[in-house]
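Protein chains in written order, with the UniProt record's numbering: chain A, 1 to 337; chain B, 1 to 337.
The structure is reproduced here in structure tokens:
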């Protein structure tokens with residue numbers, strides 16, 4: 001049996017068994033970051049993510065500075081999703097010996113720049129040789145109030161699903177990189193490609209959501225909305241009903257859909273790398289939270305509701321017709337990147 | 001200019017500038033691990049290391065379990081060198097989709113087994129696809145008493161150099177993998193190859209050295225004794241005089257030297273991956289520390305002395321003749337692995 005046969009989720013399942021419960025482990029695997037109790041005032045969040053050339057990125061699409069910024073952002077997003085405040089990062093870079101030093105300087109400028117913008121100090125790392133392409137690994141520490149950590153688990157029947165920002169732009173941008181479209185207006189192309197190359201982690205929004213005290217579950221949307229909904233439902237043992245016409249799509253995403261004849265909702269549901277936050281809220285507190293988030297400059301959108309155990313995952317169109325929501329997001333070991 | 005032109009140390013120099021001094025950073029780059037102050041009773045150590053297939057290891061030489069154990073051990077060694085107690089690790093694995101799942105299971109068994117033996121809890125990780133070979137990254141957290149962290153910096157003229165264990169066996173083992181020697185006795189071959197495949201991090205010894213209060217500087221010997229001495233001398237702004245015939249070599253290392261006509265001291269000086277500790281001690285306290293370490297089951301060997309600033313690095317033979325000690329250890333971006 002090969003990794004391609006079990007897939008990323010199958011592999012993660014197998015490896016979870018290896019993750020011993022140890023002293024001070026509040027939460028080991030299964031969330032965006034591990035949650036550790038070192039006895040201090042706050043809990044410690046610990047996460048790691050790796051980007052591989054020609055799997056997660058192509059140097060043909062963006063600058064090395066963009067790439068560094070994104071490598072940092074995907075980790076910041078993990079801490080953001082748990083309501084934490086990122087604090088320290090280490091970076092491990094594997095690169096071919098023939099890599100230009102100027103490219104590595106730019107990569108680190110991107111890593112350090114994004115780190116600094118979010119209050120993170122780069123405290124070290126490792127640089128090694130790799131015969132084939134770049135591999136960038138960032139490990140990140142965050143802090144979170146003891147009663148304020150957001151987990152994937154916690155959604156209960158009747159809670160409402162919300163997302164920050166809008167979805168699908170990163171996947172639409174990747175589509176444009178792979179399928180240049182001469183009729184696409186430059187400002188649409190720029191925005192979509194930028195969404196793919198330079199995602200912004202929702203660190204501030206995640207902190208506000210955690211502080212609200214009314215969010216029952218959260219996760220960042222790294223592999224498409226459908227898979228993220230499935231994660232939260234599996235973790236909470238619940239179902240979901242998403243409303244297709246409530247899923248927020250930017251004007252550029254809609255525009256590219258019209259230009260290409262593609263359904264833009266597919267980019268939101270099954271694309272990836274939006275790095276917005278999906279979360280669930282107790283119904284009585286939803287309107288208040290919506291107002292607070294909008295007032296703080298982080299508008300959130302209601303996109304569905306949590307169903308009971310065994311009620312499945314459903315996507316409902318504007319006419320009220322439902323079809324099963326099949327989580328078909330990105331799989332790390334699928335045959336296509 | 002390519003990475004091969006500046007080399008690993010040149011690259012590290014360039015990147016150090018990127019490592020901002022931030023709140024709570026007691027020590028950023030330039031040591032085996034970053035040292036962070038989160039306000040708790042102890043300081044936090046944070047380190048990351050990556051092993052790349054066909055650069056740092058060959059699957060032809062050892063089992064996947066050995067490989068996992070070694071990937072964990074090299075990180076444990078970084079925390080050991082600073083006198084810390086390793087506590088939590090995350091692992092990021094990049095692997096081809098056609099990798100056998102059984103191999104990954106074995107790799108994680110090695111990672112988890114070594115982690116558990118040293119009191120470390122594996123709390124999470126990331127698994128991604130790589131088109132070419134395995135890349136294993138471990139990020140590790142450790143704790144250390146506020147006044148008990150060992151740094152590379154701190155050696156002063158007159159201090160004595162010591163090492164734990166014996167040196168050169170890992171490089172001799174690698175030599176045997178690459179140059180099979182029919183006349184080498186199986187027990188010699190086994191011990192040397194095992195030293196290469198399964199190094200033991202000196203976590204207990206490092207803790208004892210830190211607790212002694214008389215160690216002025218320390219580092220693990222990952223890239224040969226000569227380079228490690230050079231690091232400690234650069235960090236402290238001092239020189240060194242090593243006594244060639246004091247460098248501890250195991251009987252197996254000496255035996256392979258005789259069999260192959262090679263100088264076994266070269267494996268100790270310029271080989272790598274012994275993961276013993278090099279440290280300096282105030283001269284008045286050296287004899288006492290030597291006795292204490294021997295009594296605790298961690299014998300240490302005096303191998304030289306710290307010279308003053310500008311006095312250079314010297315290797316002295318038994319007859320008292322000195323020659324310059326040129327740090328020629330492993331460089332990650334050299335043209336040969």
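Quick reminder that beta carbons are idealized off the backbone N, C-alpha and C, glycines included. It should be emphasised that the depicted structure is a prediction, and the values quoted were computed from it without experimental measurement.
Within the UniProt domain "PurM-like N-terminal" (30 to 143) of chain B, the complete alpha helix (DSSP H) segments at least 4 residues long are 64 to 81, 101 to 117, listed from N- to C-terminus. The DSSP-derived three-state label of residue 198/B is coil.
Residue-level contact check: residue 303/B does not touch chain A, since none of the beta carbons of chain A fall below 9 Å from its beta carbon. The beta-carbon distance between residue 306/B and residue 128/B, rounded to whole angstroms, is 45 Å. This is too long to meet the 8 Å contact definition. Just so you know, the alpha carbons of residue 147/A and residue 1/B end up roughly 51 Å apart. By the Cβ neighbour-count rule, residue 75/A is buried, with 16 or more other Cβ atoms within 10 Å of its own.
Contact annotation for residue 228/A against chain B: no contact, minimum CB-CB distance about 16 Å [criterion: below 8 Å]. The beta carbon of residue 327/B sits closer than 7 Å to those of 226, 227, 230, all from its chain and outside the five residues before and after it, given in chain order.
Counting along the chain, residue 215/B sits inside the beta strand (DSSP E) bounded by residues 215 to 220. DSSP, reduced to helix, strand and coil, places residue 298/A outside both helices and strands of the structure shown, so it counts as coil. Ranked by Cα distance from residue 240/A, the options 312/A, 223/A, 172/A are led by 312/A. Below the 8 Å Cβ cutoff, chain A contributes no neighbours of residue 248/B, its closest Cβ being approximately 28 Å away. As computed with DSSP, residue 239/B is found in a beta bridge with 307/B. Taking C-alpha positions only, residue 44/B is separated from residue 37/A by approximately 13 Å. Among the CB atoms of chain A, one or more fall inside 9 Å of the CB of residue 54/B. At least one beta carbon of chain A lies nearer than 9 Å to the beta carbon of residue 102/B.
Here residue 221/A is buried, its C-beta having at least 16 other C-beta atoms within 10 Å.
Rounded to the nearest angstrom, the gap between the Cα atoms of residue 96/A and residue 214/A is 48 Å. Taking one beta carbon from each stretch, the stretch 242 to 251 of chain B and the stretch 198 to 213 of chain B have fewer than 3 pairs nearer than 8 Å; the two do not touch.
Listed along chain B, the residues sitting closer than 7 Å to residue 2/A by beta-carbon distance are 97, 98, 99, 100, 101. Counting the other CB atoms within 10 Å of its CB gives residue 70/A a total of 16 or more, which places it among the buried residues. Here residue 191/A is not bridged, per DSSP, to any residue.
Comparing C-alpha distances from residue 81/A to each of 52/A, 282/A, 216/A shows the shortest one belongs to 216/A.
Judged by DSSP secondary structure, residue 324/B falls within the beta strand (DSSP E) whose first and last residues are 322 to 324.
Assigned with DSSP and collapsed to three states, residue 145/B falls in strand. Per the DSSP secondary-structure output, residue 316/B pairs in a beta bridge with 243/B, 322/B. Remark: C-beta atoms of residue 259/B and residue 183/B approach each other more closely than 9 Å. Distance between residue 29/B and residue 124/A, taken at the CA atoms: about 5 Å. A residue is called buried once 16 or more other Cβ atoms fall within 10 Å of its Cβ, and residue 187/B, having fewer, is exposed. DSSP places residue 204/A inside the alpha helix (DSSP H), whose first and last residues are 203 to 212.
Taking a contact to require three or more Cβ pairs closer than 8 Å, the stretch 171 to 180 of chain A and the stretch 286 to 297 of chain A do not qualify as touching.
When the Cα atoms are used, residue 309/A and residue 219/A turn out to be separated by approximately 19 Å. Under the criterion of beta carbons closer than 8 Å, residue 280/A and residue 160/A qualify as touching, at roughly 7 Å. Residues 216, 217, 236 of the same chain have their beta carbon placed closer than 7 Å to that of residue 154/B, with the five preceding and five following residues left out of the count.
Beta-bridge annotation (DSSP): residue 156/A is not paired with any residue.
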